[in-house]
Each structure stands twice: as C-alpha cells, then as structure tokens.
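See below for the structure under consideration.
Chains as they are written, first to last, in my numbering: chain Z, 14 to 192; chain B, 14 to 192.
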C-alpha cells in the first residue's frame, strides 16, 4: 500500500446488471450509436470521487429510468489502448443490482431499445457482446445456486493514516472471520 | 460498454500475496519509510499499459527478489482523495500469486524487513494494516476450503471492435458454461 507519487492512468467505467429475481429477467439496453445492435448492461464512466456502486445506480437510472440498489461486484475487465480512451487504460466493472422500480423510461439519446430480458435468452443470443453473454451465464448460475457463489461483497473499512474510509470488495467471509 | 470520451481519474496499484501452499506461509514486507511498522504484501503502481497480474509479479520481484506467477484476483479497494494520490482516486488490487523461487533478497531502499510469515500469524498480529489482516483471513479460508472459494480467475477475451484482447476477471464458471 505504500506508493511513490503516480498519475492517473485509468478511466473507470461501471455497468449495472439489474436482476429481477422473481422472474429471472435482467435490464438491458441497445446503444443508439453503434453499428451492431447488441444487448448490453446500462453503464458509463465514474465521475471523479464517485464510488463504484453509486456510478452503477446512477447510470442505470439515467439510461433506463429504473431505480436500483447496489448488491455486489461481479467482474472486472482491464483493457489497454481502448478505442474510446485515447491512450489511457480502462477498468470496466460490472455490478449486480436489485431493482427498486420496474417501469422503463429510457433515454432516447443514448439508447435505441431497453427491455427486461430473460437471462436464459441473454445467455444464448448472438445479439450481445462476449462480456455480456459471459456475465449472463454467471448470473444464471447465481440465480440457480445462490448469488453468494458469484458475488464480491463490499465493506467500508477505515484507512490507517487519514482516518477516511475506503470500500473493499472480496468474497464474503463468515462474520467470525471478519475482524 | 459505450462511453463518451473521458479522462483518467484513477491510479491503479497492485499487491501480490505470494502463498506457499506447502507450509501456509505468505511473503510480507515492512516499508522503510513508515512511522508504523506494519506487515503488508509487496506491491506498487501499474506502469501504463501493464496488466494487473504483470504488475503484481514485477513488484514482488523488485521488492523481495522472489519470482512468482499470477493465480487470481482476490480483492479490490477503491479510495478517493488518497493521501499519496494528489486528488486522484486509487484502485488497489490484491492478487494471489504462487512462488517460483523462495530465497528472499529484498530491496533495502524500499523495505525494512521481508519474511515468509505464517498466514495464521498474519491474521492475528496487530502489526499489520486492516486490509492485510482481512486478506490473510481470506487466504486462510482458501487454504482450508480450496482457493476456488476465494478466487476471481482471469481470462482473455477478444474485444468486439478492435480485435484486441482484454482481461476479464470473475468467479470461475464450469467449462460448459463459458461459451
């Protein structure tokens, strides 16, 4: 945790997979400005100082009109020389969210379509990205065996020197092993 | 995965927990320039364009002289206004590594001490940071129940538009569910 002074090298993007556990559907969008219409999870770039979960919830609401709450972190992608990132590297994080509302009111500037789609269909369709397809299969496994099999849970812990708090994500530990 | 052009907001630091499964020991260091001497995992900032696992392996070797190989991603910490980060946010990632060599030849400029320490001792001692202590307990659980209980495994997948590859980390899926 010690460091020499560095500089920011990564932009951080966050997507939210809002899963309706009552019917096995997940909220997906198709971008307006892409040549290939592929289903994906709503998301976007973190604002400076914004927590991962807050970005996911905000972006899902801005794109789809659906309100949700953060549950866990599912996956991380690191990509260098990302076409949209102008030489920066890109950290793309996918979170699992639970819906608080269900009515879709999507942003027509950003999205062409927005639907609650069956996870089984999302896991099968070719009209999606490799990463979305992979996460759909991960979520199906979570629905079947319990989300504790696929989740990284979040906790806030105090920083040693500053007295501030940070967010730590890892596999759930039994309460007796936490401190 | 769509984005408006952004800018880099995060520095990425990576630490490597090198676990010797034959005896339950882990490689830890104490920084030379800290007031509190706390055991922690060796690590440092990613170079531009460097993969997470490569940073962990490189930093472990530079600090300790131990060669290792990447096994999995264990934990992520997000911290804003990090004291060493000058207003940037900080993404700190802890990886699990396996040792390829065992002899310690540590960097005396960076480190005061370097040892193979029992994970049980690291999990108990007060001479460590909260995050190191937590990860020690996570690793003990991995030793006991199998590391597949705590790991996020890495795979390379092709990017849709650029034809380049990216690294995706998530909980292991059975091979039949991967594609």
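Using N, Cα and C, we set each Cβ at its ideal position, and we do this for glycine too. Owing to the predicted nature of the structure, the values given are computational and were not obtained by experimental measurement.
Taking CB atoms only, residue 160 of chain Z has no neighbour in chain B less than 8 Å away. Residue 89 of chain Z and residue 187 of chain Z have their C-alpha atoms spaced approximately 24 Å apart.
When C-beta atoms of the region 155–170 of chain B are compared with those of the region 127–138 of chain Z, fewer than three pairs fall below 8 Å, so the two segments do not count as touching. Cβ-Cβ distances below 8 Å link residue 151 of chain B to 87, 88 and 163 in the same chain, with the five nearest sequence neighbours on each side left out; the list follows chain order. In this structure, the straight-line span from the alpha carbon of residue 173 of chain B to that of residue 130 of chain B is close to 44 Å. By the neighbour-count criterion, in which 16 or more other beta carbons inside 10 Å mark a residue as buried, residue 123 of chain Z falls on the buried side.
For residue 143 of chain Z, DSSP records no beta bridge to any residue.
Closer than 8 Å to the CB of residue 50 of chain Z there is not a single CB belonging to chain B.
DSSP places residue 77 of chain Z in the uninterrupted alpha helix (DSSP H) bounded by 65–77.
Within 10 angstroms of the beta-carbon of residue 178 of chain Z lie fewer than 16 other beta-carbons, which makes it exposed.
Chain B has no Cβ within less than 8 Å of the Cβ of residue 121 of chain Z. Per DSSP, reduced to three states, the secondary structure at residue 58 of chain B is strand.
The continuous alpha helix (DSSP H) containing residue 133 of chain Z extends over residues 132–137. Proximity of residue 182 of chain B to chain Z, defined by a Cβ-Cβ separation below 8 Å, is satisfied. Burial check for residue 191 of chain B: the Cβ neighbour count within 10 Å stays below 16, so the residue is exposed. Residue contact check for residue 20 of chain B against chain Z: a CB pair falls below 8 Å. For residue 139 of chain Z, the number of other beta carbons within 10 angstroms of its own is below 16, and it is reported as exposed. Taking a cut-off of 8 Å for Cβ pairs, the region 19–36 of chain Z and the region 109–128 of chain Z touch, as three or more such pairs fall below it. At a C-beta separation below 9 Å, residue 179 of chain B has these neighbours in chain Z: 90, 91, 92, 93, 95, 103, 105 and 144. Residue pairing by DSSP places residue 89 of chain B opposite Z/182 and B/106 in a beta bridge. In this structure, the CA atom of residue 23 of chain Z is about 32 Å from the CA atom of residue 117 of chain Z. As the crow flies, the alpha-carbon of residue 159 of chain Z is around 21 Å from that of residue 66 of chain Z. Contact between residue 91 of chain Z and residue 101 of chain Z fails: their C-beta atoms lie close to 12 Å from each other, not under 8 Å.
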